[in-house]
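Trainee: Quick note: the sequence shown, position 127, residue 127 per the UniProt record's numbering, numbers continuous.
For each residue, glycine too, the CB sits at the ideal point set by N, CA and C.
Bear in mind the structure is a predicted one, so any value in this text is a computation, not a measurement.
Please see the structure below; I have some questions.
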Amino acid sequence: MTSTPLAEDKLSISTRIAYGIGDFGPSMSLNVLIIFFFFFLTTVAGVPPNIAGTILLISKGGNAIATLIVGSLSDHTRSRWGRRHSWMLGSAPFFALSFALHWWVPPLTSWGLYSYYLLVAIVFQVSFACFLIPYSALLTDISENNKEHIRLNGWRFSFAMVASTFSLLLMQVLTIGNDEPQRQLPILGTVCAIAILISIGWCCWGTEEAELKAASRRVNFQDLKQIASNRPFWLLLGIYAFSWMALLVAPTILPYFIVNNLRLPESAITSITLIMKIATFAALFIWKPISEWLGKKASFWLGISIWIIGNCGLFYLQPEQPQWIYFIAALQGMGMAAAYLIPPSMVPEAIDWDELKTGQRREGVFNSIMLFANKMAQALGLFLFGQILSFAGFRESLPPMEQPESAIGAIAITVILLPTLPLIGSLILLFFYPIDIETHQQTVFKLQQQRSTQTSNQ
1 MTSTPLAEDK LSISTRIAYG IGDFGPSMSL NVLIIFFFFF LTTVAGVPPN
51 IAGTILLISK GGNAIATLIV GSLSDHTRSR WGRRHSWMLG SAPFFALSFA
101 LHWWVPPLTS WGLYSYYLLV AIVFQVSFAC FLIPYSALLT DISENNKEHI
151 RLNGWRFSFA MVASTFSLLL MQVLTIGNDE PQRQLPILGT VCAIAILISI
201 GWCCWGTEEA ELKAASRRVN FQDLKQIASN RPFWLLLGIY AFSWMALLVA
251 PTILPYFIVN NLRLPESAIT SITLIMKIAT FAALFIWKPI SEWLGKKASF
301 WLGISIWIIG NCGLFYLQPE QPQWIYFIAA LQGMGMAAAY LIPPSMVPEA
351 IDWDELKTGQ RREGVFNSIM LFANKMAQAL GLFLFGQILS FAGFRESLPP
401 MEQPESAIGA IAITVILLPT LPLIGSLILL FFYPIDIETH QQTVFKLQQQ
451 RSTQTSNQ
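Okay, here's the thing in structure tokens:
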């Protein structure tokens, strides 16, 4: 059975750019945080790795809880600024300031120092959730067209990749004549904070929220039962959480592998991750047409397989041949692009499926649940890494040559297995995911008919 082709519902280029640039400043900050914060805590601030992992577990747990609350609240917000825009604008100052404070080492010791970083991390993670949930839900408020979702996410992650690359280029410039992270990172943090304010403001100014398409009400027990019965959503939830767990854990572990196992200088962290980000950005332009040609499922499978091959290549690297890390980083970056682009583009499919079955439009709730699982998976991954380092005898604030062999061996194992195992899990779940291009087109066609019937009966 085939359905009538859907209208293209094309958006203007300025709208696509405005939506995409909304993730520029946040992506700069998140990229710097992912790559450098754990490393900063253990090698500059002198925080033990198990405490650093606990700080990130608690703060990301706060982020995960905030996602559940903010999603429902943003769905029901009424403001002349728009239900999504008001949350994005309100969170921006807290988001920016708390990020800048991550990179200051206060004159405190022991638990006073740990408490400071915990407080700053919690404020950042909660304000980040207050931005990200409405921003993600804004996608379906702008357009309901499946191809437009891919284009918008393509613009979003293109700007995200440019932002990530720019932050690393800036870090590379700051290392010229100054190889001390405690001086470089506060400057970088200030630049990122300014970028957060500008990009969120631009996004809100350049996008327009559509009127509510279905009656909106508070989530109740019946809603939870309906969501629980949405099989495509729960499969996608696992795919999304596993793939983004790997996206966060891999670059967090990589600096330790570069410095301690390959015995390269700390400045090499920036150049290697820069190669990875450039490869990811370039691959976005490859995966977009591939996903439209082969479909999202096949494209995701191919991209993740490439990433896993790159991870396995790390096993063969030795300190005598560190140049191969650049090739492997590029290979990993190609696979990462598929994980960045495709799972978020699949979320509207589950939302449309839910509206067809229930008559309710719950973008905020669905995005909240997705990000809750995402953050908890990330938090557990980082917590596990911190505990492994601590158990293996990693010594904070010491030159890399002084690390015990047990810690170096633990880093070599985790840099491969911690990203690879969740990626394999995402591929297993993808096998059972039931929505393809034709299925979603039929869903949207029936949904348009259902809305037309509801409108004519009013």
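Between 228, 44, 202 and 438, which has its C-alpha nearest residue 17's C-alpha?
Mentor: Ranking 228, 44, 202 and 438 by Cα distance to residue 17 puts 202 first.
Trainee: Under three-state DSSP, which class holds residue 19?
Mentor: Reduced to three states, the DSSP call for residue 19 is helix.
Trainee: Hey, residue 121 and residue 196: beta-carbon distance below 8 Å or not?
Mentor: No, Cβ-Cβ distance for residue 121 and residue 196 is not below 8 Å.
Trainee: So with Cβ pairs under 8 Å, would you call residue 381 a contact of chain C?
Mentor: You won't find chain C in this structure, because it holds only one protein chain.
Trainee: Taking a contact to mean a Cβ-Cβ separation below 8 Å, would you say residue 207 touches residue 142 in this structure?
Mentor: Yes. Within cutoff.
Trainee: Three-state secondary structure (DSSP) at residue 11?
Mentor: DSSP places residue 11 in coil when its eight states are reduced to three.
Trainee: Kindly indicate which residue of 271, 324 and 447 has the alpha-carbon position closest to the one of residue 356.
Mentor: Residue 447 is the option with its Cα nearest to residue 356.
Trainee: To the nearest angstrom, how far is the alpha carbon of residue 41 from that of residue 12?
Mentor: Approximately 44 Å between the Cα atoms of the pair.
Trainee: Could you spell out where the alpha helix (DSSP H) holding residue 103 opens and where it closes?
Mentor: Careful: residue 103 lies outside any alpha helix (DSSP H) and carries neither H nor E.
Trainee: Can you name, in chain order, every residue of its own chain whose Cβ lies under 6 Å from the Cβ of residue 160, other than the five neighbours on each side?
Mentor: The answer, listed in chain order, is 23 and 27.
Trainee: Which parts of the segment 398–443 are runs of the alpha helix (DSSP H), unbroken and 4 residues or longer, counting only runs that do not cross its ends?
Mentor: The qualifying runs are 405–432.
Trainee: Indicate whether the contact test is met: 3 or more Cβ pairs, each with one atom in the segment 359–375 and one in the segment 289–309, closer than 8 Å.
Mentor: No, because fewer than three Cβ pairs between the segment 359–375 and the segment 289–309 fall closer than 8 Å, the two stretches do not touch.
Trainee: Going by beta-carbon coordinates alone, are residue 390 and residue 71 separated by less than 8 Å?
Mentor: Result no, Cβ atoms of residue 390 and residue 71 do not sit closer than 8 Å.
Trainee: Should residue 215 be labelled buried (16 or more other beta-carbon atoms within 10 Å of its own) or exposed?
Mentor: Residue confidence is low: residue 215 scores 41 on pLDDT, short of 50, so the model does not pin down where it sits. Its coordinate-derived value is still stated next. Looking at its Cβ environment, which holds fewer than 16 other Cβ atoms inside 10 Å, residue 215 is exposed.
Trainee: Could you check the C-alpha separation between residue 329 and residue 314 for me, to the nearest Å?
Mentor: For residue 329 and residue 314, the distance between alpha carbons rounds to 9 Å.
Trainee: Using the three-state DSSP reduction, which class does residue 202 fall into: helix, strand or coil?
Mentor: Three-state DSSP puts residue 202 in a helix.
Trainee: Taking residue 430 and residue 301 to be in contact with their CB atoms under 8 Å, please state how far apart those CB atoms are, rounded to whole angstroms.
Mentor: Right, their Cβ atoms sit about 6 Å apart.
Trainee: Pick helix, strand or coil for residue 49, following the three-state DSSP scheme.
Mentor: Correct three-state label for residue 49: helix.
Trainee: Answer yes if the segment 267–274 comes into contact with the segment 164–175, meaning at least three C-beta pairs across the two stretches below 8 Å, and no otherwise.
Mentor: Taking 8 Å as the limit for Cβ pairs, the verdict is that the segment 267–274 does touch the segment 164–175.
Trainee: Using the Cα positions of residue 289 and residue 377, report the straight-line distance between them to the nearest angstrom.
Mentor: Computed Cα separation, rounded: 30 Å.
Trainee: Tell me whether the segment 249–257 and the segment 30–38 touch, counting them as touching only if at least three CB pairs, one residue from each stretch, are closer than 8 Å.
Mentor: The segment 249–257 is in contact with the segment 30–38.
Trainee: Can you look up residue 381 in the DSSP assignment and give me helix, strand or coil?
Mentor: Of the three classes helix, strand and coil, the one that applies to residue 381 here is helix, per DSSP.
Trainee: Write down every uninterrupted run of the alpha helix (DSSP H) in the segment 61–106 whose length is 4 residues or greater and which is fully enclosed by it, in chain order.
Mentor: Complete alpha helix (DSSP H) runs here, min 4: 85–101.
Trainee: Could you work out which residue in 234, 410 and 332 is closest to residue 350 when comparing CA atoms only?
Mentor: Of 234, 410 and 332, the residue nearest in Cα terms is 234.
Trainee: Does the segment 340–348 come into contact with the segment 277–296, if we say contact requires no fewer than three beta-carbon pairs (one atom in each stretch) closer than 8 Å?
Mentor: These segments touch.
Trainee: Label residue 262 either buried or exposed according to how many other C-beta atoms from any shown protein chain fall within 10 Å of its C-beta, with 16 as the threshold for buried.
Mentor: Residue 262 should be labelled buried.
Trainee: Taking 8 Å as the threshold (C-beta atoms), are residue 73 and residue 200 in contact?
Mentor: Result no, Cβ atoms of residue 200 and residue 73 do not sit closer than 8 Å.
Trainee: Please specify which runs of the alpha helix (DSSP H), each continuous and at least 4 residues long, are wholly inside the segment 133–201, giving them in chain order.
Mentor: Segments of the alpha helix (DSSP H) lying fully in the segment 133–201: 146–174.
Trainee: Measuring only the C-alpha atoms, how far is residue 385 from residue 53?
Mentor: Roughly 7 Å separates the two Cα atoms.
Trainee: Would residue 25 and residue 155 be called neighbours here (beta carbons separated by less than 8 Å)?
Mentor: Going by C-beta atoms, residue 25 is not nearer than 8 Å to residue 155.
Trainee: Below 7 Å CB to CB, which residues in the same chain sit around residue 420 once its five sequence neighbours on both sides are set aside?
Mentor: For residue 420, where only same-chain residues beyond five positions count, the Cβ hits under 7 Å are 308 and 311.
Trainee: Give the DSSP-derived three-state secondary structure of residue 264 in the structure shown.
Mentor: Residue state, collapsed to three classes: coil.
Trainee: In the structure shown, what three-state DSSP assignment does residue 123 receive?
Mentor: Here residue 123 sits in helix by DSSP.
Trainee: Leaving out the 5 sequence neighbours to the left and right, which residues in its chain are closer than 6 Å to residue 182 when beta-carbon positions are compared?
Mentor: Excluding residues within five positions, the ones whose Cβ falls inside 6 Å are 44.
Trainee: Can you have a look at residue 316 and say buried or exposed, based on whether 16 or more other CB atoms are within 10 angstroms of its CB?
Mentor: It is exposed - the Cβ of residue 316 has fewer than 16 other Cβ atoms within 10 Å.
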